[in-house]
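All remarks here apply to the structure that follows.
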Amino acid sequence: MNIVILSNASGYGGSERTIEIIAKKISEQHNIHIYAENKNHVNVLLENGLSVDTTKSGILGMISNLYFMRKKLLNSDCVIGNTNKAGFYIAIMNCLFPFMRRKKTLIFVRDFQWRFLRFIRFALGDNASYCVTTKAAFEYLRDQGINSDIISNPVNLPTFLEPALRENPPIILCPAMISRWKGIDLLIRSLSIIKNDCQLIIIGNHIDQTYLSELKLLVEHLGLKERVVFLAYSKNIDSYYSNCTLVVNSSISDFGGPETFGRTIIEGWAFSKPVVSFDCGGPRYLIDNGINGFLVPEGNVDELALTIDIILSDNELAKKLGSLGYQKVLSEYSVEIVVKKLIDKIIPQ
33 MNIVILSNAS GYGGSERTIE IIAKKISEQH NIHIYAENKN HVNVLLENGL SVDTTKSGIL
93 GMISNLYFMR KKLLNSDCVI GNTNKAGFYI AIMNCLFPFM RRKKTLIFVR DFQWRFLRFI
153 RFALGDNASY CVTTKAAFEY LRDQGINSDI ISNPVNLPTF LEPALRENPP IILCPAMISR
213 WKGIDLLIRS LSIIKNDCQL IIIGNHIDQT YLSELKLLVE HLGLKERVVF LAYSKNIDSY
273 YSNCTLVVNS SISDFGGPET FGRTIIEGWA FSKPVVSFDC GGPRYLIDNG INGFLVPEGN
333 VDELALTIDI ILSDNELAKK LGSLGYQKVL SEYSVEIVVK KLIDKIIPQ
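End of the sequence shown = 381 in this note's numbering, gap-free, step of one.
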């Protein structure tokens, strides 16, 4: 089967990492071609041995993209759109190119801020199927009158775990782009309340420089300069997961949030780490509260600090939470399980 994937958002985050994992697995049995814009995304796809074309930005770039995509799509059996921009492109091509209406089309909805949703729905009609990753996004589309199927994001299991360094002090890891909806200021405020000695590592693309400056001022104001580290995103993030004590997802519902999924949660579980998240969006449907992690009332800094303190004070609890999270990854979020669901959607058995 010839499958074309549009993953042409300008940013780089969990949805792009998901496509990297899915495409590599699907390519073992099917022909895959991917259109992507973000340089980091393109580089990883190429490193995975996949066929990739880099798309251009801007209006003229879009016209050029559509022209060259048409040639590839003519010989495809299925097209998969990853996020809003890809859905918009596919909708335009359905209007311009009649042959597109005969293609099996899947659109992944991965956020709550879809522009042009009415146009996309109108242009695609009954030709497209919509996929979401959790019940949170399912309910969002249902409220728009759109039916969807839940196909979770997959996570790669580490093939080699670096020996964990002695955590002195323990490390709280927050893998998140620097953006207001990630709620990083709330996590930093909680650090000033936490009783246990610990270090916070925030690792992710610095897409909002104003917010980054505000966060650094907050760190200085709270006297936490020796305890908070900001790092740019690295594709070699495994060592940070391996050596941390717990993973925190502090995303909130404001500023374009919350998460529709929460990839950092399953990535933490893949390394048998306990996870903590605010109780909103996708994480609400990932974490079994008190079993493989903890959900904290959204925005409650005191509760977040208390919950982190509980984990830092109880090594046995931390191990139990991480172990049960790892078991959930094996049963629900392995690449094999997720890709089988996706292929079954494309090629009904």
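Here a beta-carbon is modelled for each residue, glycine too, at the ideal position from N, C-alpha and C.
Distance, I35 Cα to L138 Cα: One alpha carbon belongs to L138, the other to I35, and they sit about 11 Å apart.
Measuring alpha carbon to alpha carbon, tell me which residue in V328, F144, A155 and N188 is nearest D175. F144
Simplified DSSP state of Q176, which is helix, strand or coil: coil
Please go through the segment 291-372 and give each complete alpha helix (DSSP H) segment of 4 or more residues, from N-terminal end onward. 295-302, 315-318, 333-344 and 347-360
For C127, name the three-state secondary structure that DSSP assigns. helix
Would you check if the segment 178-185 and the segment 305-312 touch, i.e. whether three or more CB-CB distances between them fall below 8 Å? In short, these stretches do not touch, since the Cβ pair count stays below three.
Could you pull the start and end residues of the beta strand (DSSP E) that Q145 belongs to? Counting along the chain, Q145 falls outside any beta strand (DSSP E), and DSSP gives it neither H nor E.
Let me check one thing: in DSSP terms, what residues is D181 bridge-paired to? C163
Given Y273 as reference, the closest of T296, G289 and G288 once Cα atoms are compared: Comparing Cα-Cα distances from Y273 to each of T296, G289 and G288, the minimum goes to T296.
From E299, K214 and G43, pick the residue whose C-alpha is nearest to that of S366; which is it? E299
Taking only three categories from DSSP, how would you classify A68? Here A68 carries a strand assignment [DSSP, helix/strand/coil].
By alpha-carbon positions, which one of C206, S108, K305 and L92 ends up nearest to D343? Looking at the sequence itself, residue 343 is Ile, so the reference to Asp does not match. When each option's Cα is compared against that of I343, the closest is K305.
Enumerate in chain order the residues of its own chain whose CB-to-CB distance from K373 is below 6 Å, with the five nearest sequence positions on each side excluded. These residues qualify, in order along the chain: I183.
State the DSSP-derived secondary structure class of V260, mapped to helix, strand or coil. Three-state result, V260: strand.
Rounded to whole angstroms, how far is the Cβ of I122 from the Cβ of L38, which I believe are closer than 8 Å? About 7 Å; that satisfies the 8 Å criterion.
Taking the continuous beta strand (DSSP E) assigned at G113, which residues delimit it? That run of the beta strand (DSSP E) goes C110 to N114.
Measuring alpha carbon to alpha carbon, tell me which residue in T277, V370, L223 and G236 is nearest N332. Cα-wise, what sits closest to N332 is L223.
Going by DSSP in three states, K377 sits in which element: helix, strand or coil? helix
Quickly, what does DSSP pair C206 with across the bridge? List them, please. I234
Identify, in the order they occur along the chain, each residue of the same chain with its Cβ nearer than 6 Å to the Cβ of M125, setting aside the five sequence neighbours on each side. These residues qualify, in order along the chain: M132.
Assuming H62 contacts M33 (C-beta within less than 8 Å), just tell me the rounded distance between them. The pair is a contact, with the Cβ atoms about 5 Å apart (cut-off 8 Å).
If you measure between the beta carbons of T166 and R142, is that distance less than 8 Å? no
As a quick exercise: from G288, H238, P130 and T191, pick the residue whose alpha carbon is nearest that of Y44. From the listed residues G288, H238, P130 and T191, the smallest Cα separation to Y44 is found for H238.
Comparing alpha-carbon positions, which option in F154, K377 and D320 lies nearest G354? D320
Between R212 and N107, what straight-line distance do the alpha-carbon atoms span, to the nearest angstrom? 42 Å
Work out the CA separation of G93 and L263 for me, nearest whole Å. 32 Å
What residues in its chain sit with their C-beta under 7 Å from that of K104, if we drop five residues either side in the sequence? V36 and H65
Measuring straight from C-alpha to C-alpha, what distance separates P329 and D341? 16 Å
Among N72, N70, K214 and C163, whose alpha-carbon lies nearest the alpha-carbon of S282? K214
Contact set for I112: own chain, Cβ-Cβ below 6 Å, skip 5 residues either direction: I37 and L138
Excluding the five sequence neighbours on either side, which residues of its own chain have a C-beta within less than 6 Å of the C-beta of Y172, listed in chain order? F144
In three-state DSSP terms, what is V36? strand
Rounded Cβ spacing between R259 and L219 (contact assumed at less than 8 Å): No, R259 and L219 are not in contact; Cβ-Cβ is about 12 Å, not under 8 Å.
Take F293 and list the residues in its own chain whose beta-carbon comes closer than 6 Å to its own, dropping the five residues that flank it on each side. T165, T166, N185 and G314
A160 versus F154: straight-line alpha-carbon distance, rounded: 10 Å
So I378 and K136 are supposed to be a Cβ contact under 8 Å. How far apart are they, rounded? The pair is a contact, with the Cβ atoms about 6 Å apart (cut-off 8 Å).
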